[in-house]
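Comments concern the structure below.
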Amino acid sequence: MSLLSLHNIHSFYGHIHALKGVSVDVEEGEIVTLIGSNGAGKSTTLRTISGMIHPRQGQVLLDGRDISRMKPHAIVLAGLGHVPEGRGIFPKLTVRENLEMGAFTVNDPEEIDRRMKFGFDMFPRLKERIGQYGGTLSGGEQQMLAIARGLMMNPRLLMLDEPSMGLAPVLVELIFDIIKALNKKGTTILLVEQNALMALSVAHRGYVLQNGEIVVSDTAESLKRNGMVQKAYLGID
Amino acid sequence: MKRFLKSINIRELLRPIGQMILFSLGSTIVLSVIVLLLALILDRTVVGQTLIERLNVSLFTYTLVNLPQVAIDGLTIGFVYAAIALGYTMVYGVLEFINFAHSEIFAVGAFVGVEILIALEKFGILSNASLVMAYIYLILAIVAGMLAAGALAVTVERVAYRPLRHASRLVPLISAIGVSFLLQDVIRLTESLTSGQFNRIMPTFGNFDHRILFGKMAMGATQITLGVSIKSIIVIVSAVLMLVGLNYLVNATRIGKAIRAVAQDHSTASLMGIDVNRIISLTFLVGGMLGGAAGVLYALKFTRIDPFVGFFPGLKAFTAAVLGGIGNMTGALLGGIVLGMLETYAGSFMGVFTMGAAGTEYKDIFAFSILILVLIFRPQGLMGENVAQKA
Ligand SMILES: Nc1ncnc2c1ncn2[C@@H]1O[C@H](COP(=O)(O)OP(=O)(O)OP(=O)(O)O)[C@@H](O)[C@H]1O
Ligand SMILES: [Mg+2]
Chain A
45 MSLLSLHNIH
55 SFYGHIHALK
65 GVSVDVEEGE
75 IVTLIGSNGA
85 GKSTTLRTIS
95 GMIHPRQGQV
105 LLDGRDISRM
115 KPHAIVLAGL
125 GHVPEGRGIF
135 PKLTVRENLE
145 MGAFTVNDPE
155 EIDRRMKFGF
165 DMFPRLKERI
175 GQYGGTLSGG
185 EQQMLAIARG
195 LMMNPRLLML
205 DEPSMGLAPV
215 LVELIFDIIK
225 ALNKKGTTIL
235 LVEQNALMAL
245 SVAHRGYVLQ
255 NGEIVVSDTA
265 ESLKRNGMVQ
275 KAYLGID
Chain B
721 MKRFLKSINI
731 RELLRPIGQM
741 ILFSLGSTIV
751 LSVIVLLLAL
761 ILDRTVVGQT
771 LIERLNVSLF
781 TYTLVNLPQV
791 AIDGLTIGFV
801 YAAIALGYTM
811 VYGVLEFINF
821 AHSEIFAVGA
831 FVGVEILIAL
841 EKFGILSNAS
851 LVMAYIYLIL
861 AIVAGMLAAG
871 ALAVTVERVA
881 YRPLRHASRL
891 VPLISAIGVS
901 FLLQDVIRLT
911 ESLTSGQFNR
921 IMPTFGNFDH
931 RILFGKMAMG
941 ATQITLGVSI
951 KSIIVIVSAV
961 LMLVGLNYLV
971 NATRIGKAIR
981 AVAQDHSTAS
991 LMGIDVNRII
1001 SLTFLVGGML
1011 GGAAGVLYAL
1021 KFTRIDPFVG
1031 FFPGLKAFTA
1041 AVLGGIGNMT
1051 GALLGGIVLG
1061 MLETYAGSFM
1071 GVFTMGAAGT
1081 EYKDIFAFSI
1091 LILVLIFRPQ
1101 GLMGENVAQK
1111 A
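If you read the sequences in order, they're chains A and B. Residues in the first sequence are numbered consecutively from 45, following our numbering. Residues in the second sequence are numbered consecutively from 721, following our numbering.
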């Protein structure tokens, strides 16, 4: 049984039919990436999984349990973490409080401290800014905070929506290293990225979304060699 | 136990007390200086002469002698406004919506508290009560008013606001106004069916009407006693305790952090595992409880209540919340104190200053002029940030 599987999902924004029968499977221990151009429906897929929008048709199974009608907070409790597009930093909570919010479902203060330390080791910059309001951080710092906060949840399945957005190249490298390291430690990852080449270099498998439909799905290696993918997403003619 | 004591955040207990002292002293000093200056000026005019003829006292002395009592009265009503204003501001914080039914939630709190005391009086319990028991009964009435108002606020949100959460902004507002009228009539109906009267009087018991005297001051030929009534002390102390408790809840607990997170961003808060609807209910519960307690305290101070008792205090507390910066809790405290002080000063001195032309009955002009002026010139209030930024 897959850790996560989407069966024929149809999601709407009012009358806009954003996902038209999307099916995706993510196995325990995998890194899976969703690629596609702007407006293809990548973020919508993640939002549907985390319960921010409910599909009009289809099922989302986490561990075989249908979560498509559940509220986001209940899905978080079921072990799913979502670092949303646009970061979602609480502007008037400090860096520390933002991180603590990430561990809202954790009751053990020592465990929270441990995870926070892990985040600070990864992004020392955040530690320097610990008492500063989230809203006053730079864009890149906010992105670091969003990722560190996602890690505070220590989810079984972590969904990252464009984690490299707005980060300097060194930090992009760092993020992808972190993704690999997390995955080695057992976290399953569903990754949405504009940077398809980077995404395919860390992922095991990938799906290509176009206008709300999956058009190709394959191993990352094969996708990198797929002519259509090369042309449309890797900038290779 | 030790760990528990260690985990108490002393700073968050002291900070609001500091703010209250600062706001109270600040507004007392500013307003006192203003009225004294006015008195000095008016002393040279026909206003001063008239007073000398009438009471054989200069306007300045008259003002000075009355100031302590006015300040205490102003503070008392100011803290009541602050407690109500917090209900408006907390709900605005999490929903960006003004709960116009809050004034009736306040009224229901007042009625529940007063009815309990009236019932106790009927059974002769109040008149035979020892001083300790009198306080216990009063606390009982306040707690009952809080619980009833809190439960009502949660119910109103669940029934009348939540289904409209995604409608355009005007829709829940209209619903709130509807709920407000509905509750007024429910109180009226209940009272006419049970007691047959709309006006209810807070029973007199305990030593609440006594005044603690500080001394006497000569004012012309007459002597004025300086003192503070036990009632006022009870109102101020209860309000201070509640405000400190609320501040602690919001700023120093895990639940409070969740409230603040929800206030900033519902969908991200839910991605943190926070049940947003529960936090919203909790906000209404806490705001309603504060309003209910304020209702009972208001009844204690002003004695008579009727089904429309919530209207003016509610509107003024709303003004206070806007004055302080709606959505900002410290602002609600500041706004409540400033507004209570301002209207009490105005109400007490306008009469003599205008030789009786415009007396106490016009004091509301000040509150509502402030509302209009703030909305025009500083819509974000004294302590709020730009509202546009939030929207
Ligand atoms: N809140 C919304 N209301 C209406 N339409 C929306 C909303 N959010 C997204 N859409 C539409 O749904 C479609 C899919 O959007 P989505 O955000 O999932 O794209 P995406 O693949 O994440 O794109 P990008 O790479 O630009 O982030 C788009 O056509 C978009 O215009
Ligand atoms: Mg997107």
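From the three backbone atoms N, C-alpha and C, an ideal C-beta is built for every residue, glycine too. For clarity, every value in this text was computed on a predicted model and none was experimentally measured.
Is it the case that the CB of residue i approaches a heavy atom of ligand 2 more closely than 7 Å?
{"i": "residue 985/B", "result": "no"}
{"i": "residue 1021/B", "result": "no"}
{"i": "residue 55/A", "result": "no"}
{"i": "residue 81/A", "result": "no"}
{"i": "residue 87/A", "result": "yes"}
{"i": "residue 205/A", "result": "yes"}
Helix, strand or coil for residue i, going by three-state DSSP, please let me know.
{"i": "residue 150/A", "result": "coil"}
{"i": "residue 254/A", "result": "strand"}
{"i": "residue 932/B", "result": "strand"}
{"i": "residue 948/B", "result": "strand"}
{"i": "residue 1046/B", "result": "coil"}
{"i": "residue 263/A", "result": "strand"}
{"i": "residue 67/A", "result": "strand"}
{"i": "residue 232/A", "result": "strand"}
{"i": "residue 61/A", "result": "strand"}
{"i": "residue 765/B", "result": "coil"}
{"i": "residue 942/B", "result": "strand"}
{"i": "residue 1108/B", "result": "Any reading at residue 1108/B is ruled out, since the residue's pLDDT is 40, under 50, leaving its predicted position unreliable."}
{"i": "residue 987/B", "result": "helix"}
{"i": "residue 47/A", "result": "coil"}
{"i": "residue 75/A", "result": "strand"}
{"i": "residue 249/A", "result": "strand"}
{"i": "residue 1084/B", "result": "helix"}
{"i": "residue 958/B", "result": "helix"}
{"i": "residue 740/B", "result": "helix"}
Measure the alpha-carbon distance for residue i versus residue j and round it to whole angstroms.
{"i": "residue 863/B", "j": "residue 1012/B", "result": "8 Å"}
{"i": "residue 1061/B", "j": "residue 134/A", "result": "36 Å"}
{"i": "residue 1026/B", "j": "residue 129/A", "result": "53 Å"}
{"i": "residue 937/B", "j": "residue 943/B", "result": "6 Å"}
{"i": "residue 260/A", "j": "residue 56/A", "result": "22 Å"}
{"i": "residue 257/A", "j": "residue 100/A", "result": "15 Å"}
{"i": "residue 780/B", "j": "residue 837/B", "result": "43 Å"}
{"i": "residue 845/B", "j": "residue 951/B", "result": "20 Å"}
{"i": "residue 759/B", "j": "residue 1091/B", "result": "26 Å"}
{"i": "residue 222/A", "j": "residue 102/A", "result": "33 Å"}
{"i": "residue 730/B", "j": "residue 234/A", "result": "43 Å"}
{"i": "residue 284/A", "j": "residue 1039/B", "result": "One cannot answer for residue 284/A here, as it falls past the ends of chain A, which runs 45 to 281."}
{"i": "residue 1052/B", "j": "residue 278/A", "result": "55 Å"}
{"i": "residue 1099/B", "j": "residue 48/A", "result": "48 Å"}
{"i": "residue 1056/B", "j": "residue 970/B", "result": "19 Å"}
{"i": "residue 89/A", "j": "residue 870/B", "result": "40 Å"}
{"i": "residue 811/B", "j": "residue 108/A", "result": "39 Å"}
{"i": "residue 912/B", "j": "residue 831/B", "result": "13 Å"}
For residue i, which option in the options has the closest C-alpha, if you only look at C-alpha atoms?
{"i": "residue 104/A", "options": "78/A, 253/A, 60/A and 46/A", "result": "46/A"}
{"i": "residue 790/B", "options": "946/B, 964/B, 742/B and 743/B", "result": "946/B"}
{"i": "residue 1035/B", "options": "821/B, 724/B and 1048/B", "result": "821/B"}
{"i": "residue 1032/B", "options": "800/B, 892/B, 983/B and 770/B", "result": "800/B"}
{"i": "residue 188/A", "options": "199/A, 209/A, 277/A and 156/A", "result": "209/A"}
{"i": "residue 1068/B", "options": "794/B, 962/B, 1059/B and 772/B", "result": "794/B"}
{"i": "residue 882/B", "options": "1000/B, 783/B, 921/B and 824/B", "result": "1000/B"}
{"i": "residue 67/A", "options": "60/A, 93/A and 198/A", "result": "93/A"}
{"i": "residue 1058/B", "options": "1043/B, 834/B and 766/B", "result": "1043/B"}
{"i": "residue 974/B", "options": "150/A, 192/A, 52/A and 70/A", "result": "150/A"}
{"i": "residue 798/B", "options": "743/B, 819/B, 1070/B and 878/B", "result": "743/B"}
{"i": "residue 796/B", "options": "1037/B, 915/B and 953/B", "result": "953/B"}
Is residue i close to ligand 1? I mean its beta-carbon at under 7 Å from any heavy atom of the ligand.
{"i": "residue 988/B", "result": "no"}
{"i": "residue 129/A", "result": "yes"}
{"i": "residue 1015/B", "result": "no"}
{"i": "residue 77/A", "result": "no"}
{"i": "residue 62/A", "result": "yes"}
{"i": "residue 176/A", "result": "no"}
{"i": "residue 254/A", "result": "no"}
{"i": "residue 238/A", "result": "yes"}
Taking residue i as the query, report the chain C residues whose CB atoms sit under 8 Å from its CB, ordered along the chain.
{"i": "residue 975/B", "result": "As a matter of chain content, chain C is missing from the structure shown, whose protein chains are A and B."}
Taking only runs that begin and end inside the segment 834-900 of chain B, name each unbroken alpha helix (DSSP H) of 4 or more residues, in chain order.
Given a length threshold of 4 residues, each whole run of the alpha helix (DSSP H) inside the segment 834-900 of chain B is given here in chain order: 851-876.
Please give the ranges of any beta strand (DSSP E) in the segment 124-194 of chain A, keeping only runs that are unbroken, at least 3 residues long and fully inside the region.
Segments of the beta strand (DSSP E) lying fully in the segment 124-194 of chain A: 124-127.
Inside the segment 78-106 of chain A only - alpha helix (DSSP H) runs reaching at least 4 residues
Fully enclosed alpha helix (DSSP H) runs of 4 or longer: 86-93.
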